[in-house]
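*Asks:* Pasting in a structure now, in structure tokens, and then I'll have a few things to ask.
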Amino acid sequence: MFSYYLNLALRSLKRNVVLTMLMIAAIGVGIGASMTTLTIFRAMAADPIPNKSRQLFAVQIDNWGPSKSGVQTPDDKLQQQVSYTDAMGLMNAHAALRQTVMYSTGFALSPPNPNLRPFQVPARATYMDFFPMFEVPFRFGTPWTREDDEGRAPVAVISRELNDKVFGGANSVGKTLNLDKHDYRVVGVLDRWQPVPKFYDLNNNQYGEIEQAFIPFTRAIENQMTTWGNNNCSRDAVAPGWEGHLHSECVWFQFWAELPTAADAERYRYVLNNYAAEQQRLGRFHWAAHTRLRDVREWLADQHVVTDEARILVLVSFSFLLVCLLNAMGLMLAKIMGRAGDIGVRRALGANRRAIFGQCLIEAGVIGFAGGLVGLALTAAGLLGLRALLSEQTTRLTHLGFWEVGITVGTAVIATTLAGLYPTWRAAHIQPAWQLKAQ
Amino acid sequence: MLKMTHLSKAYRTEVVETFALRDFSIHVREGEFVAVTGPSGSGKTTFLTIAGLLEEFSGGEYQLDGANVRGLNDNQRSKLRNEKIGFIFQAFNLIADLNVQDNIDVPLRYRGFNGAERRRRIQEALGRVGLSARSRHYPAELSGGQQQRVAIARALAGSPRLLLADEPTGNLDTQMARGVMDLLEELHRDGATIVMVTHDPELAVRAQREVHIVDGQVVDMAPQPRLVEAAQAGS
Ligand SMILES: Nc1ncnc2c1ncn2[C@@H]1O[C@H](COP(=O)(O)OP(=O)(O)OP(=O)(O)O)[C@@H](O)[C@H]1O
Ligand SMILES: [Mg+2]
Numbered sequence: 001m002f003s004y005y006l007n008l009a010l011r012s013l014k015r016n017v018v019l020t021m022l023m024i025a026a027i028g029v030g031i032g033a034s035m036t037t038l039t040i041f042r043a044m045a046a047d048p049i050p051n052k053s054r055q056l057f058a059v060q061i062d063n064w065g066p067s068k069s070g071v072q073t074p075d076d077k078l079q080q081q082v083s084y085t086d087a088m089g090l091m092n093a094h095a096a097l098r099q100t101v102m103y104s105t106g107f108a109l110s111p112p113n114p115n116l117r118p119f120q121v122p123a124r125a126t127y128m129d130f131f132p133m134f135e136v137p138f139r140f141g142t143p144w145t146r147e148d149d150e151g152r153a154p155v156a157v158i159s160r161e162l163n164d165k166v167f168g169g170a171n172s173v174g175k176t177l178n179l180d181k182h183d184y185r186v187v188g189v190l191d192r193w194q195p196v197p198k199f200y201d202l203n204n205n206q207y208g209e210i211e212q213a214f215i216p217f218t219r220a221i222e223n224q225m226t227t228w229g230n231n232n233c234s235r236d237a238v239a240p241g242w243e244g245h246l247h248s249e250c251v252w253f254q255f256w257a258e259l260p261t262a263a264d265a266e267r268y269r270y271v272l273n274n275y276a277a278e279q280q281r282l283g284r285f286h287w288a289a290h291t292r293l294r295d296v297r298e299w300l301a302d303q304h305v306v307t308d309e310a311r312i313l314v315l316v317s318f319s320f321l322l323v324c325l326l327n328a329m330g331l332m333l334a335k336i337m338g339r340a341g342d343i344g345v346r347r348a349l350g351a352n353r354r355a356i357f358g359q360c361l362i363e364a365g366v367i368g369f370a371g372g373l374v375g376l377a378l379t380a381a382g383l384l385g386l387r388a389l390l391s392e393q394t395t396r397l398t399h400l401g402f403w404e405v406g407i408t409v410g411t412a413v414i415a416t417t418l419a420g421l422y423p424t425w426r427a428a429h430i431q432p433a434w435q436l437k438a439q
Numbered sequence: 440m441l442k443m444t445h446l447s448k449a450y451r452t453e454v455v456e457t458f459a460l461r462d463f464s465i466h467v468r469e470g471e472f473v474a475v476t477g478p479s480g481s482g483k484t485t486f487l488t489i490a491g492l493l494e495e496f497s498g499g500e501y502q503l504d505g506a507n508v509r510g511l512n513d514n515q516r517s518k519l520r521n522e523k524i525g526f527i528f529q530a531f532n533l534i535a536d537l538n539v540q541d542n543i544d545v546p547l548r549y550r551g552f553n554g555a556e557r558r559r560r561i562q563e564a565l566g567r568v569g570l571s572a573r574s575r576h577y578p579a580e581l582s583g584g585q586q587q588r589v590a591i592a593r594a595l596a597g598s599p600r601l602l603l604a605d606e607p608t609g610n611l612d613t614q615m616a617r618g619v620m621d622l623l624e625e626l627h628r629d630g631a632t633i634v635m636v637t638h639d640p641e642l643a644v645r646a647q648r649e650v651h652i653v654d655g656q657v658v659d660m661a662p663q664p665r666l667v668e669a670a671q672a673g674s
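Take a look at the structure:
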């Protein structure tokens, strides 16, 4: 019977093209609007590293103390980043399977080809653990070694884009790069890698590109490379000079630990608290230990990566979809009531309520499917429009993948069928007897 | 075939309750051709819709083909309607989107026949009403008389036991009406049980028996051979 109903649905839709187009347009516009926002929302809320998001932890330590007279209030949010002192203290504790302190920096790159002008390269100073921790894919070479970390070696891992730009995409391992007038040896070239959002450092450009060069943290500190990222300082005085700044309570480092099991995480929490308590004993902190260890998902939630605005936008666009569906429902009702005669005749010829119900519901489903396709086109157009409108940083959010397509069409069919339930119910309850009397 | 005893049908609106049928009794035997006449508003159509299981009744008994139909659910009523009853309407009521053969196909689909069986029945029914050549025409492309023949073919295709016709010639001119009437008589000769509502006394006398309804009640159920003889004598 399905193919029969489908055939009837297509005939019926062809019969009143204007009404059909109106219904499809109503659904298409609603679906387009809601799916555009949902796509962005989903990308925002996506897990950037699904198979490890429960094993990677961002570390937070309160080195500023409560804002009001020694009492911790719920408003006292922990700093996003840690100070150099605390970062080093934790690195030396060696309490995690892998751990790294890092910060965002950069330099001027003088290309080997003298015809090219030097250009700015955003970089990340980190430890070699960074690469296996965050499952960074390599195209050529490997991360640098632990000895390189300890020996402050002038080595670099570069992004695929930078390798394309400077070395024409060839294997550049072993080649030399001149960064800020120092020579660095390339040990590895990354493959395409773009966590969305860039969870390991949410300070600048959470949806932006990854850094183009990675160098040992120890080397960057020795070269006194300043941060390109956020640098927040407490009210405490900062001594002058690089050393003064480095050993101040200013926070500009991200600290991550890899803790494979819940027990590991528990142990690490303990270590973290002990560390803070120790700092209190030593007189550096004048408050009880206040630390946090959050895995990737908790971290993203705490940092409000999905903004309230995005949530509200999704809500608004789905309300709009609801209005569109109510509209389509009204049109369907009008259409079905206009066809009451045919339905009455079918009933008189032996169709039971279920048969009429099935026929009308499939018709609603077909409208939903067509509306879904229109909605898909509008979603694609909407995302393209947003891409043009928004900064380049957010283009990663406007990707329309296989799932988005499925969800769009599926939502349209299901929502329209649901909206079709009432008109269909009305259709099934049309009194066939009216047919004989209305002559 | 069709037996109603002391049947009543009330229509309730907010203010009044009108009895379209009151203490209504009728017995149509297998193979009979009955004409139902009566003034406008007397309850003829109401009788037909109840007989055809399109409406429920308020009181009394109704036996269709030996089975009591009181209390049947929608499914059961639809199935009975589909298998046992063929409807012919005054306004033909063909489905405009469907061509002739697809219109005839409608009750056969609900019956659940397979494709071959449906095609066979459609061809046979079309042959019966002499419209085999028009199977792919749409209703709008046919004359009124042709449309009514298609409607009759549709009513026949499922081989129902009972044909119910509500003023089947009401929308046709005399010429076409005569053709449709001839067809009904032919079907009757081949064994169909027919109940036909008509305003036209000339058509009524061509039935075996006339039932006159006034104010929701059968006035005279006696066979009226005298009238038939008179009509035959007059022609
Ligand atoms: N759905 C309904 N609701 C209320 N009253 C109704 C309804 N259907 C019929 N009636 C009333 O029942 C009575 C009988 O109607 P019915 O249609 O059976 O008459 P009829 O004999 O077929 O008339 P006509 O010759 O004009 O077709 C009329 O008084 C009519 O107003
Ligand atoms: Mg009537």
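In the order they appear, the protein sequences are chains X and H.
Per our numbering: the first sequence = residues 1 to 439.
Per our numbering: the second sequence = residues 440 to 674.
Just so you know, even glycine gets a beta-carbon here, dropped at the ideal spot from N, CA and C.
Just so we're clear, the structure is a prediction, and the values are computed from it rather than from any experiment.
Go to D544(H), then tell me how far its alpha helix (DSSP H) extends in each direction, as first and last residue.
*Replies:* Counting from one through the second sequence, the residue named residue 544(H) turns up at place 105. Residues V539 to R550.
*Asks:* With a threshold of 8 Å on Cβ separation, who are the neighbours of R192(X) within its own chain once the five nearest residues in sequence on each side are excluded?
*Replies:* On the first sequence, residue 192(X) is found 192 positions in, with the first residue counted as 1. Here the set comprises P137 and R160.
*Asks:* Going by beta carbon distance, what residues of the same chain come within less than 7 Å of V667(H), once the five residues before and after it are set aside?
*Replies:* If you number the second sequence from 1, residue 667(H) lands on position 228. The pLDDT assigned to V667(H) is 48, lower than 50, so where the model puts this residue is not dependable, and the model offers no usable value.
*Asks:* Less than 8 Å between the CB of H576(H) and some heavy atom of ligand 3, yes or no?
*Replies:* As far as ligands go, the structure on display features ligand 1 and ligand 2 and does not contain ligand 3.
*Asks:* Using the rule of at least 16 other Cβ atoms within 10 Å of the residue's Cβ for burial, across every protein chain shown, is S598(H) buried or exposed?
*Replies:* To locate residue 598(H), count along the second sequence from 1; it is residue 159. So S598(H) ends up on the exposed side.
*Asks:* Can you tell me whether DSSP reads H429(X) as helix, strand or coil?
*Replies:* Position 429 of the first sequence holds residue 429(X). Reduced to three states, the DSSP call for H429(X) is coil.
*Asks:* Is the distance from the Cβ of A447(X) to the Cβ of A427(X) below 9 Å?
*Replies:* For chain X, the structure presents residues 1 to 439; residue 447(X) sits outside this window and is missing.
*Asks:* Is it true that the CB of A370(X) sits closer than 9 Å to the CB of L56(X)?
*Replies:* In the first sequence, the residue the question calls residue 56(X) occupies position 56. In the first sequence, the residue the question calls residue 370(X) occupies position 370. Not closer than 9 Å, so no.
*Asks:* CB-CB under 8 Å to I49(X), same chain, minus the five flanking residues each way: which ones, in chain order?
*Replies:* Within the first sequence, the letter at position 49 stands for residue 49(X). So the qualifying residues of the chain are L56, F134, E135, P195, F199 and V296.
*Asks:* Around the Cβ of S517(H), are there at least 16 other Cβ atoms within 10 angstroms (buried) or fewer (exposed)?
*Replies:* Looking up residue 517(H) in the second sequence gives position 78. Looking at its Cβ environment, which holds 16 or more other Cβ atoms inside 10 Å, S517(H) is buried.
*Asks:* Run through the region 213-276 of chain X for me and flag every whole beta strand (DSSP E) of 3 or more residues, listed as ranges in chain order.
*Replies:* Whole beta strand (DSSP E) segments, 3+ residues: 213-216 and 251-258.
*Asks:* Following the continuous alpha helix (DSSP H) through F463(H), name the residue where it begins and the one where it ends.
*Replies:* Position 24 of the second sequence, counting from 1, holds the residue named residue 463(H). Taken as a continuous stretch (DSSP letters only), F463(H) belongs to no alpha helix (DSSP H), being part of the beta strand (DSSP E) at E456 to V467.
*Asks:* Is there contact between the region 530-542 of chain H and the region 465-479 of chain H, where contact requires at least three CB pairs shorter than 8 Å?
*Replies:* No, because fewer than three Cβ pairs between the region 530-542 of chain H and the region 465-479 of chain H fall closer than 8 Å, the two stretches do not touch.
*Asks:* Near G491(H), what residues of its chain come up, given a Cβ to Cβ distance below 7 Å and the 5 sequence neighbours on each side ignored?
*Replies:* Along the second sequence, one-based indexing puts residue 491(H) at 52. Taken in chain order, the residues that qualify are R520, I524, F526 and L603.
*Asks:* Measuring alpha carbon to alpha carbon, tell me which of S481(H), I543(H), F458(H) and L441(H) ends up nearest G350(X).
*Replies:* Position 350 of the first sequence, counted from the start, is the residue given in the question as residue 350(X). Minimum Cα distance to G350(X) is reached at I543(H).
*Asks:* Please give me, in chain order, every unbroken run of the beta strand (DSSP E) with length at least 3 that falls completely inside the region 69-125 of chain X.
*Replies:* Qualifying beta strand (DSSP E) stretches, in chain order: 98-110.
*Asks:* What does the alpha-carbon distance come out to for the pair L78(X) and M128(X)?
*Replies:* Here residue 78(X) refers to the residue found at position 78 of the first sequence. Here residue 128(X) refers to the residue found at position 128 of the first sequence. Rounded to whole angstroms, L78(X) to M128(X) spans 27 Å at the Cα level.
*Asks:* Output, in chain order, the set of chain H residues within a Cβ distance shorter than 7 Å of R353(X).
*Replies:* Along the first sequence, read from residue 1 onward, the residue named residue 353(X) stands at position 353. Those within 7 Å of R353(X) in chain H are D513.
*Asks:* Just to confirm my understanding: we take V306(X), look at its own chain, exclude 5 residues before and 5 after, and list those with CB closer than 8 Å. What are they?
*Replies:* Here residue 306(X) refers to the residue found at position 306 when the first sequence is read from its first residue. Contacts found: F41, M44, A45 and L300.
*Asks:* Can you find a C-beta in chain X that's less than 9 Å from the C-beta of N553(H)?
*Replies:* Taking the second sequence and counting its residues from 1, the one referred to as residue 553(H) is at position 114. No, N553(H) lies away from the interface with chain X (no Cβ there is under 9 Å from its Cβ).
*Asks:* Taking the beta carbon of K181(X) as the centre, do at least 16 other beta carbons fall within 10 Å, making it buried, or is it exposed?
*Replies:* For the purposes of this step, residue 181(X) is taken as the residue at position 181 of the first sequence. It is exposed - the Cβ of K181(X) has fewer than 16 other Cβ atoms within 10 Å.
*Asks:* Let me have the residue list for ligand 1: C-beta closer than 6 Å to any non-hydrogen atom, ordered along the chain.
*Replies:* So the residues near ligand 1 by this Cβ test are K437(X), Y450(H), T457(H), A459(H), G477(H), S479(H), G480(H), S481(H), G482(H), K483(H), T484(H) and T485(H).
*Asks:* Is E606(H) near ligand 2, judged by its Cβ being under 8 Å from some heavy atom?
*Replies:* Residue 606(H) sits at position 167 when you count from the first residue of the second sequence. Under cutoff, so the answer is yes.
*Asks:* Kindly indicate if chain H contains any beta-carbon less than 9 Å away from that of Y4(X).
*Replies:* Along the first sequence, read from residue 1 onward, the residue named residue 4(X) stands at position 4. So yes, Y4(X) belongs to the interface.
*Asks:* Report the residue from A380(X), L418(X) and P112(X) whose alpha carbon sits nearest the alpha carbon of F402(X).
*Replies:* Position 402 of the first sequence, counted from the first residue, corresponds to residue 402(X). Comparing Cα-Cα distances from F402(X) to each of A380(X), L418(X) and P112(X), the minimum goes to A380(X).
*Asks:* Nearest to I430(X) by alpha carbon, out of A220(X), A355(X) and Q60(X)?
*Replies:* Locating residue 430(X) in the first sequence gives position 430, where the first residue counts as 1. The shortest C-alpha separation from I430(X) is found at A355(X).
*Asks:* Going by C-alpha to C-alpha distance, which of T457(H), K442(H), A449(H) and D462(H) sits closest to I652(H)?
*Replies:* Residue numbering aside, residue 652(H) sits at position 213 when the second sequence is read from its first letter. That would be D462(H), whose Cα lies nearest to the Cα of I652(H).
*Asks:* When you compare the CB of Q206(X) with every CB in chain H, is at least one pair closer than 9 Å?
*Replies:* As a position in the first sequence, residue 206(X) is number 206, starting the count at 1. Not an interface residue.
*Asks:* Per the contact definition of three or more C-beta pairs closer than 8 Å, is the region 88-107 of chain X in contact with the region 240-255 of chain X?
*Replies:* Contact between the region 240-255 of chain X and the region 88-107 of chain X is present, because at least three Cβ pairs lie under 8 Å.
*Asks:* Taking Cβ positions only, does L441(H) come closer than 9 Å to chain X?
*Replies:* By one-based count along the second sequence, residue 441(H) stands at place 2. So no, L441(H) is outside the interface.
*Asks:* If you measure from the CB of V473(H), is any heavy atom of ligand 2 nearer than 8 Å?
*Replies:* Looking up residue 473(H) in the second sequence gives position 34. No, the beta carbon of V473(H) sits no closer than 8 Å to any heavy atom of ligand 2.
*Asks:* Output needed for S53(X): all residues of its chain with C-beta closer than 7 Å, excluding positions within five of it in sequence on either side, in chain order.
*Replies:* As a first step, residue 53(X) must be located in the first sequence, where it is residue number 53. Counting only Cβ-Cβ distances below 7 Å, and skipping sequence neighbours, we find D47, D295, V296 and R297.
*Asks:* Give me the Cα-Cα distance between I414(X) and G365(X), rounded to the nearest whole angstrom.
*Replies:* Here the question's residue 414(X) lines up with position 414 in the first sequence. Here the question's residue 365(X) lines up with position 365 in the first sequence. Straight-line Cα distance between these residues: approximately 7 Å.
*Asks:* Counting only beta-carbon separations shorter than 9 Å, does S12(X) have a partner in chain H?
*Replies:* Within the first sequence, the letter at position 12 stands for residue 12(X). It does: the Cβ of S12(X) has a partner Cβ on chain H nearer than 9 Å.
*Asks:* List the whole-angstrom C-beta distance separating G482(H) from H445(H), where the pair is believed to meet the contact cut-off of C-beta under 8 Å.
*Replies:* Here residue 482(H) refers to the residue found at position 43 when the second sequence is read from its first residue. Here residue 445(H) refers to the residue found at position 6 when the second sequence is read from its first residue. Contact doesn't hold; Cβ gap of about 14 Å is too wide.
*Asks:* Can you check whether the CB of L595(H) is closer than 9 Å to the CB of V634(H)?
*Replies:* Counted from its first residue, the second sequence places residue 634(H) at position 195. Counted from its first residue, the second sequence places residue 595(H) at position 156. Not in contact: V634(H) and L595(H) (Cβ atoms no closer than 9 Å).
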